[in-house]
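**Q** Following this message is one structure expressed as structure tokens.
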Amino acid sequence: MSQLSFNDLCSAFESVSAQTKPVPIKKPLSPVPPRMIMPDVARKQFISVFAHTAQNMRRWDVFRDFITLAASELDMARIRTPENIERSRQICDGYTAADHDNMKKLFCLMVTALEGEFHDFLGSIFMELELGSDQMGQFFTPYHIQLMMAKMLTGDIAAVVQKKGWIELHEPACGAAGMVLAYAQCMLEAGLNPSEHLYVECIDIDPIAADMAFIQLSLLGIAAKVITGNALTTKFTRVRYTPTYYIKEWEGRLALRQSVEALAKIMQQATKTAVLS
């Protein structure tokens, strides 16, 4: 069974947050809830813990295994399947008990960093660890550039949501879904809830990039269908849905929209036929 159990996350989180001792001040300008770690601090701690995890192994292999385990734990449809459990067990067998603890700490730090703000946490970590040159030469665009691009392209989001109910995005080469996260941030700034008003279909040919996208979209509460495969040839090896997709019943909402659109087309065609006759 996977060593990344949600039952152990709180205890692991306490051990991580204990490393940062709060400095008492009389009148805090911005009170921080107990046990909260700011995103930048969480990122630095993530890098530090990662550096001390399985030091005898290649950094790419450790990062890949962490991403695979984290994605498996967030996959509601497969988390308890024999195949998923066996795969997680095989990965965990290659690590020591101390490494298992570090993996849990890494997961908690990742969750904490994404709780603080919308950003491409895993993409930035990937680039900071210089893992892109080791596999396929990936480059993850800095989030501030993605956010700038999203703001240039969004337009009047509120008007679109008011007219159609929600927005659908399709990303054929999503990477870690940084552009989607930037778009979701624009929705938040417009007073909209991405969990209610955004549905995304993401595709990436690299399994690790697709898993990174799945993890971040899951933790940030965005309904998404994440596909591992080639968008050009439409050959896909895996399809995953984020927890929000199930919790917010997006399957039914999408099916209803398709039915309404199909009915509208039939009525439009019938009207044209009647006019011509």
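Mapping of the sequence shown onto the working numbering: position 256 corresponds to residue 256, and the numbering continues sequentially without gaps.
Note that CB positions come from ideal geometry on N, CA and C, so glycine has one too.
Would a C-beta distance cut-off of 9 Å place Ile222 and Asp204 closer than the cut-off?
**A** no
**Q** CB Leu109 to CB Val200, shorter than 9 Å?
**A** no
**Q** Just mark Ile91 as buried or exposed, buried being the case when its beta carbon has 16 or more other beta carbons within 10 Å.
**A** buried
**Q** Ile79 to Ser72, Cα distance in whole Å?
**A** The straight-line gap separating the alpha-carbon atoms of Ile79 and Ser72 is approximately 6 Å.
**Q** Alpha carbon to alpha carbon, how far is Gly178 from Met103? Give it in angstroms, no decimals.
**A** One C-alpha to the other measures close to 23 Å.
**Q** Return the CA-CA distance between Leu188 and Asp120, expressed in angstroms with no decimal places.
**A** 16 Å
**Q** Could you give the first and the last residue of the continuous beta strand (DSSP E) run that contains Ala77?
**A** It is not in any beta strand (DSSP E) - Ala77 carries neither H nor E in the DSSP assignment.
**Q** By Cβ distance below 8 Å, which residues in the same chain neighbour Asp75 in space, the five residues on each side in sequence not counted?
**A** Asn84, Phe214 and Arg240
**Q** To the nearest angstrom, how far is it from the Cα of Leu129 to the Cα of Asn56?
**A** 16 Å
**Q** Less than 9 Å between the beta carbons of Thr244 and Ala190, yes or no?
**A** no
**Q** In the DSSP assignment, find the beta strand (DSSP E) that holds Asp204 and state where it starts and stops.
**A** Where Asp204 is concerned, the enclosing beta strand (DSSP E) stretches over Leu198 to Asp204.
**Q** So what does Lys235 bridge to, in DSSP terms?
**A** DSSP, once it has assigned bridges, lists Asn230 as partnering Lys235.
**Q** I'd like to know whether the C-beta atoms of Gly123 and Tyr143 end up nearer to each other than 9 Å.
**A** It is a contact, given that the beta carbons lie within the stated cut-off.
**Q** Leaving out five residues on either side along the sequence, give the residues of the same chain with a beta carbon under 8 Å from the beta carbon of Arg87.
**A** Thr68 and Ser72
**Q** Among the residues of its own chain, which have a CB less than 7 Å from the CB of Pro22, if the five just before and after it don't count?
**A** With a pLDDT of only 46 at Pro22, under the threshold of 50, the placement of this residue in the model should not be trusted; the figure read from the coordinates follows. For Pro22, where only same-chain residues beyond five positions count, there are no Cβ hits under 7 Å.
**Q** Suppose only complete runs of 3+ residues qualify. What are the beta strand (DSSP E) ranges in the region 150-193, listed by chain order?
**A** Runs found: 167-171.
**Q** By a C-beta neighbour count over all protein chains shown, 10 Å radius and 16 as the cutoff for buried, is Val180 buried or exposed?
**A** buried
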